[in-house]
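According to the numbering used here, the stretch in the sequence shown is residues 1086 to 1559, in order. The beta-carbon is built from N, C-alpha and C at its ideal position, and this holds for glycine as well. Since the structure is predicted, the reported quantities are computational estimates derived from the model, not experimental observations.
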Amino acid sequence: MDTRNVDPVWDLVEAKREDFEGLADRVFDAPEIAYTERKAVAEHTAMLRAQGFRVTETIAGIPTAVMGEWGEGGPVIAILGEYDALPALSQKPGVATHDPVEENGHGHGCGHNLLGSAAILAATAVRDWLEAEGVPGRVRYYGCPAEEGGAAKTYMVRDGLFADVDAAITWHPASYTGVDPARSLANTRIDFTFHGKAAHAAGAPELGRSALDAVELMNIGVNYLREHMPDEARVHYAYLDAGGIAPNVVPARATVRQLIRARDLAGLADLVTRVRAIADGAALMTGTRVESRVHSAVSNLIGNDPLEEALQRVLDGLGPVPFDAADRSFAEEIRKTLSRGDVEAAFRDMGRKPDYALPLCDFVLPLDRPKLGGMGSTDVGDVSWAVPTVQARVATCAIGTPLHTWQMTAQGKAPAAHKGMAHAAKAMAGLARMLMRDERLRAAAKADHAERLAQSPYSCPIPADVRPPVAKVA
């Protein structure tokens, strides 16, 4: 169906669409992981300046974060963008076989090259509409790095960067189109470093105290904890320092990062206490000493009924992403690399029966669909505690494509991805325009938000003395 001219900002998106497809592709071609997004933020900053935004760089003390604002007075509507990549997901675009550009290189396996580009396109369309109409209001674009494990938005919230915002809008690439249910896990990443005593592992092992033994015992303890956690809770780990490469030396130092997830902040605090106790026990058993440092943390998402209902109306008006035969053909090639379980998991997330013959989403999901899929985590959660927030999911890839895979990277510059990106920009711009004009909608969103916070006030999960790990930026 032809939806042009139904909302004036949709035509404004189309007018500049090609420029922002180029932005998405340039970010794709220079993938950078958390807090190293120098090229990506430079591209976004240059685009903001070219579109006439007032630009503030290094927000929240983060060199790879940027904010652009246009307008005066009136409500402040925030549109959130991301542009960080993931490690070891390098992949040539448009190729339906695993073919890295760089072995073990980075890649946009979560579609953030599209995410940020659509968000800044939406903000630009709203900017153009505000200027044309001469109405009061401010549209504000937040360029957010390090969503993948870095929690940049949590630091932004902690520093008060959303204090004057009336509502926040964002989206995420997906294999379906619909309002994103406010379901996510609060989490924290804590580095546990054990300090022992080095010794000759054959000549005098009794004199050593192995930090690596302590890490392994901690992991065993966490493994036994898993039986006694809530079903939705998760604990994952990664060795940051396994104690060196010499097996004939008792390791004096070793570090493990524990990623702890729970349904909400209260449950997270309880689980963290239990994991810390296990670390203390491992140190006691091995005669070592343990130190811990919070690396990052994010809150669970909280919903907002008025915003979700309004976004659903916008998406229903837009209809599905207008994919064509060529898009479906490439999606079919990608589907050949996926398992039946991948496809079933995607339809489970949608609350629908699997359709194994459908390569690309050709519908908009209803708001009241069953919420059956698993949950990840996002630093958008902290924004949702600070201001009324809503997210869309918009189809950019073959149904069944798991996020954080080479298949997702392979589709990141495809025409289908560009179509989904523009569609997401229209949805966000349409809702932003609605919020600018409708004082009752803004008031209802704020009332819903206040009611949720009255039941459970926000407490930032990152300690006040922990700063973003920007020193690692080259």
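- One Cα belongs to Thr-1371, the other to Asp-1326, and the distance between them is close to 17 Å.
- Contact check for Pro-1473 against Asn-1389 passes: the beta carbons are separated by less than 8 Å.
- If you look at Pro-1258, you'll find it in the beta strand (DSSP E) that goes 1252-1259.
- Arg-1433 and Lys-1456 have their C-alpha atoms some 8 Å from each other.
- According to DSSP, residue pairing for Lys-1282 in a beta bridge involves Arg-1294.
- By the criterion of at least three beta-carbon pairs nearer than 8 Å, the segment 1265-1284 is in contact with the segment 1330-1337.
- Taking a C-beta distance under 8 Å as the contact criterion, Leu-1488 and Cys-1229 do not qualify as a contact pair.
- Around the beta carbon of Ser-1424, fewer than 16 other beta carbons sit within 10 angstroms, so the residue counts as exposed.
- In this structure, the beta-carbon distance from Ala-1181 to Thr-1422 falls below 8 Å.
- If you draw a straight line from the Cα of Pro-1391 to the Cα of Ser-1295, it comes to about 56 Å.
- Under the DSSP assignment, Leu-1215 falls in the alpha helix (DSSP H) whose first and last residues are 1197-1218.
- Taking C-beta separations shorter than 7 Å and ignoring five residues to either side along the sequence, the partners of Val-1428 in its chain run Pro-1439, Tyr-1441, Ile-1484, Gly-1485, following chain order.
- If the five residues before and after Tyr-1322 are omitted, its C-beta is found closer than 8 Å to the C-beta atoms of Asn-1304, Val-1307, Val-1341, Arg-1342, Gln-1343, Leu-1344, all from its own chain and listed in chain order.
- With at least 16 other beta carbons inside 10 angstroms of its own, Gln-1176 counts as buried.
- Bounds of the beta strand (DSSP E) holding Val-1479 are 1474-1480.
- Beta-bridge pairing by DSSP links Trp-1155 to Val-1224.
- Annotation: Glu-1188 is outside any alpha helix (DSSP H) and is labelled neither H nor E by DSSP.
- Taking Leu-1200 as reference, the option from Asp-1213, Pro-1315, Glu-1167, Ala-1430 with the minimal CA-CA separation is Glu-1167.
- DSSP places Glu-1394 in the helix class (H, G or I) of the three-state scheme.
- Around Leu-1400, the same chain offers Val-1449, Ala-1512 as residues with beta carbons nearer than 6 Å, after the five sequence neighbours per side are excluded.
- With respect to Gly-1466, Ala-1271 sits close: the two C-beta atoms are nearer than 8 Å.
- Nearest to Ala-1210 by C-alpha distance, out of Ala-1170, Leu-1174, Asp-1265, Glu-1154, is Glu-1154.
- Looking at Asp-1249, Val-1379, Pro-1116, Asp-1265, the one whose alpha-carbon comes closest to that of Pro-1548 is Val-1379.
- Taken through DSSP and simplified to helix, strand or coil, Thr-1149 comes out as coil.
- Look at the segment 1354-1426 and you find these whole runs of beta strand (DSSP E), each 3 residues long or longer: 1374-1383.
- Ile-1275 counts as buried, since at least 16 other C-beta atoms from the protein chains shown sit within 10 angstroms of its C-beta.
- Excluding residues up to 5 positions away in sequence, Ala-1431, Cys-1446, Ala-1480, Cys-1482, Ala-1483, Ile-1484, Gly-1485, Thr-1486 lie with their Cβ nearer than 7 Å to the Cβ of Ser-1260 in the same chain.
- Counting along the chain, Ala-1514 sits inside the alpha helix (DSSP H) bounded by residues 1500-1522.
- Note that the segment 1503-1518 does not touch the segment 1285-1294; fewer than 3 beta-carbon pairs, one per stretch, sit closer than 8 Å.
- Taking C-beta separations shorter than 7 Å and ignoring five residues to either side along the sequence, the partners of Ser-1269 in its chain run Asn-1385, Leu-1386, Met-1460, Gly-1461, Ser-1462, Thr-1463, Gly-1466, following chain order.
- Under the three-state reduction of DSSP, Arg-1111 is assigned to helix.
- In this chain, the alpha helix (DSSP H) harbouring Arg-1134 covers 1123-1135.
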